[in-house]
Amino acid sequence: MTELESSAQIQQTLYVSRLLILVPYTILVYEYFLTLEREVSRFWGTRPTWATFFFYLNRYSSLFGTPVVLFQYYSTTTDPKKMLMSVRCKALRAYHQYFALISQVLVAVMLIMRTFALYERNKTVLAFMVLVTLGAIVFAVSLLSTGTDVSTLSAQIAAFGCPIGTPHAKSLRLAAAWSGMLIFDVTIFALTVFKAVKLNTRRGSLLTILIRDGASKILSFPYAYLELGLAHQPFISGGATTITNVVSSVAISRLMLNLRDPAIRLPQGNNYTTRRTTEGLAISTVSPYTTEYTMDTEWTNTTED
Numbered sequence: 004m005t006e007l008e009s010s011a012q013i014q015q016t017l018y019v020s021r022l023l024i025l026v027p028y029t030i031l032v033y034e035y036f037l038t039l040e041r042e043v044s045r046f047w048g049t050r051p052t053w054a055t056f057f058f059y060l061n062r063y064s065s066l067f068g069t070p071v072v073l074f075q076y077y078s079t080t081t082d083p084k085k086m087l088m089s090v091r092c093k094a095l096r097a098y099h100q101y102f103a104l105i106s107q108v109l110v111a112v113m114l115i116m117r118t119f120a121l122y123e124r125n126k127t128v129l130a131f132m133v134l135v136t137l138g139a140i141v142f143a144v145s146l147l148s149t150g151t152d153v154s155t156l157s158a159q160i161a162a163f164g165c166p167i168g169t170p171h172a173k174s175l176r177l178a179a180a181w182s183g184m185l186i187f188d189v190t191i192f193a194l195t196v197f198k199a200v201k202l203n204t205r206r207g208s209l210l211t212i213l214i215r216d217g218a219s220k221i222l223s224f225p226y227a228y229l230e231l232g233l234a235h236q237p238f239i240s241g242g243a244t245t246i247t248n249v250v251s252s253v254a255i256s257r258l259m260l261n262l263r264d265p266a267i268r269l270p271q272g273n274n275y276t277t278r279r280t281t282e283g284l285a286i287s288t289v290s291p292y293t294t295e296y297t298m299d300t301e302w303t304n305t306t307e308d
């Protein structure tokens, strides 16, 4: 069955799809300048670690990579004779797909690192997280590779420009593929809550930080369902992906910044010493007797004789 839309409907859905890209990016830029001072004081000039590397990669790839997607959604044409536009649009659409994938992989790696450190580098927990991640990837790949991509779009929609419409059947498969990421996020959040509740028997500040920032990441969940709900709109379904990526990037950046908050790292009334890790991929450990948790340092509580 051919999917049809009038010119007025196309213009309306294009307008909404552009807002779904522009508004999240505006929030991303605002968030960057809002937290830049904290980034400078807590990350700049520190010893390079895997944690800082992924922090910068996530923060700046999202900041400078999203404008290309924005450019894609503002590049339109109804003239199929413009072959240069057609070639450029194919490249932009491919970029959008790979950029969304890489963005989620970066966030997943950082969440695994954080949870691995929280569980004192427990290899059983690491293996469990890796299995969940691989399962989500296999599930997504199987959905996207087994479906048929017969276009049901009308010629008017299919040849409109860079923000190409997505057929309804493919939109449903894409939305289902995103559910694998939801399972991963729920798993990480459950592990975080479980560990944080145990640590709360001694200290409360760590629980507050972990639950708050974990909940921020959870906020990206509804947007995958939003994509599913809007899947019948050819030009809108891709916009929810950008919202999810931006929310994920902002949430994980906030988490990294908050974990280096001096108010959390140096609580009053305790004597703390710092020991930098020197092992290759060692990230950190967290002592059950401290309130400090970070991804690239170890903190040990010392008591006076």
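For what it's worth, this note's numbering labels the leading residue of the sequence shown as 4, then goes sequentially.
Glycine residues also receive a C-beta, built at the ideal position from the N, C-alpha and C atoms.
Fair warning: this is a prediction, and the values are worked out from it, not measured in the lab.
How long is the line joining the alpha carbons of residue i and residue j, rounded to whole angstroms?
i: serine 44; j: leucine 258; result: 15 Å
i: valine 200; j: arginine 263; result: 21 Å
i: threonine 149; j: arginine 41; result: 46 Å
i: threonine 52; j: isoleucine 105; result: 20 Å
i: serine 256; j: lysine 93; result: 31 Å
i: leucine 185; j: histidine 99; result: 20 Å
i: isoleucine 191; j: phenylalanine 131; result: 10 Å
i: leucine 109; j: isoleucine 140; result: 14 Å
i: valine 128; j: tyrosine 18; result: 45 Å
i: glutamine 15; j: alanine 266; result: 48 Å
i: glutamate 123; j: arginine 50; result: 21 Å
i: asparagine 125; j: methionine 113; result: 16 Å
Cβ atoms of residue j and residue i: under 8 Å apart, would you say?
i: valine 253; j: glutamate 34; result: yes
i: threonine 244; j: phenylalanine 187; result: no
i: threonine 118; j: threonine 195; result: yes
i: phenylalanine 58; j: phenylalanine 46; result: yes
i: cysteine 165; j: arginine 62; result: no
i: tyrosine 76; j: isoleucine 24; result: yes
i: alanine 54; j: methionine 116; result: yes
i: leucine 121; j: lysine 198; result: yes
Helix, strand or coil: which one does DSSP assign to residue i?
i: arginine 263; result: coil
i: arginine 176; result: helix
i: threonine 52; result: coil
i: serine 154; result: Caution is warranted here: a pLDDT of 49 is assigned to serine 154, below 50, making its placement in the model unreliable, and the coordinate value is therefore given only provisionally. Coil, per DSSP.
i: alanine 193; result: helix
From the options, pick the residue whose C-alpha is nearest to that of residue i; which is it?
i: valine 72; options: Met116, Thr55 and Val26; result: Val26
i: leucine 37; options: Phe74, Leu260 and Ala120; result: Leu260
i: arginine 176; options: Thr29, Arg50 and Phe142; result: Phe142
i: valine 144; options: Ala120, Leu114, Val110 and Ala179; result: Ala179
i: threonine 29; options: Gly183, Gly48, Thr69 and Val19; result: Thr69
i: serine 65; options: Leu31, Arg124 and Val189; result: Leu31
i: glycine 138; options: Leu22, Gly183 and Glu123; result: Gly183
i: glycine 111; options: Leu60, Phe67, Val19 and Glu123; result: Just to set this straight, residue 111 is alanine in the shown sequence, not glycine. Checking every option, the nearest Cα to that of alanine 111 belongs to Leu60.
i: tryptophan 181; options: Asn125, Ala103, Ser78 and Ser20; result: Ala103
Could I get the ranges of all uninterrupted alpha helix (DSSP H) runs contained in the region 60–132, with 4 residues as the minimum, in chain order? 86–121
Residue ranges of each alpha helix (DSSP H) run of no fewer than 4 residues wholly in the region 6–48, ordered along the chain? 10–45
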